[in-house]
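Engineer: Structure in structure tokens, see below.
In the working numbering, the protein residues as written are 50 to 156.
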């Protein structure tokens with residue numbers, strides 16, 4: 050149904066449709082998603098990945114940042130290929146209320 054609504058808006062109100070599409074692309078808070086055990090947000094400057102972990106202060110943390118991938122082996126297992134390159138030397142991780150946050154500045 051959402052796709053039908055968009056197609057109807059595009060046909061009935063093409064100017065309003067184009068304006069709405071352009072505005073949506075400019076709102077970085079709308080760029081994001083989720084996977085099993087994590088969520089992600091994409092902005093102009095960086096990509097943030099938030100991992101849900103049971104022990105938010107795990108003593109062993111193992112994260113590997115590459116320019117086109119990130120791999121976490123402790124406290125959880127997660128391996129992601131990235132759509133675009135990041136500055137792997139500037140990538141960081143930190144604890145947050147949701148668990149663990151990875152911040153990957155774009156290259």
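Where a beta carbon is used, it is the ideal one built from N, C-alpha and C, also for glycine.
Determine the direct distance from the alpha carbon of residue 67 to that of residue 151, and round the result to whole angstroms.
Structural biologist: As a working note, residue 151 is residue 102 in the chain shown. As a working note, residue 67 is residue 18 in the chain shown. Roughly 34 Å separates the two Cα atoms.
Engineer: If we call anything under 8 Å between Cβ atoms a contact, is residue 86 one with residue 125?
Structural biologist: What you label residue 86 is simply residue 37 of the chain shown in a count that begins at 1. What you label residue 125 is simply residue 76 of the chain shown in a count that begins at 1. Their beta carbons are under 8 Å apart, which means residue 86 touches residue 125 by this criterion.
Engineer: Take residue 115 and list the residues in its own chain whose beta-carbon comes closer than 7 Å to its own, dropping the five residues that flank it on each side.
Structural biologist: Within the chain shown, the letter at position 66 stands for residue 115. Result list for residue 115: 137, in chain order.
Engineer: Given a cut-off of 8 Å on the beta-carbon distance, is the pair residue 100 and residue 119 in contact?
Structural biologist: Mapped onto the chain shown, residue 100 falls at position 51. Mapped onto the chain shown, residue 119 falls at position 70. No, they are not a contact pair.
Engineer: Tell me whether the beta-carbon of residue 108 lies closer than 8 Å to the beta-carbon of residue 133.
Structural biologist: Along the chain shown, one-based indexing puts residue 108 at 59. Along the chain shown, one-based indexing puts residue 133 at 84. Taking 8 Å as the Cβ cut-off, residue 108 and residue 133 do not qualify as a contacting pair.
Engineer: Could you give the C-beta distance for residue 96 and residue 135, rounded to a whole number, given that I count them as a contact under 8 Å?
Structural biologist: Position 47 of the chain shown, counting from 1, holds the residue named residue 96. Position 86 of the chain shown, counting from 1, holds the residue named residue 135. Sure, about 7 Å apart at Cβ, within 8 Å.
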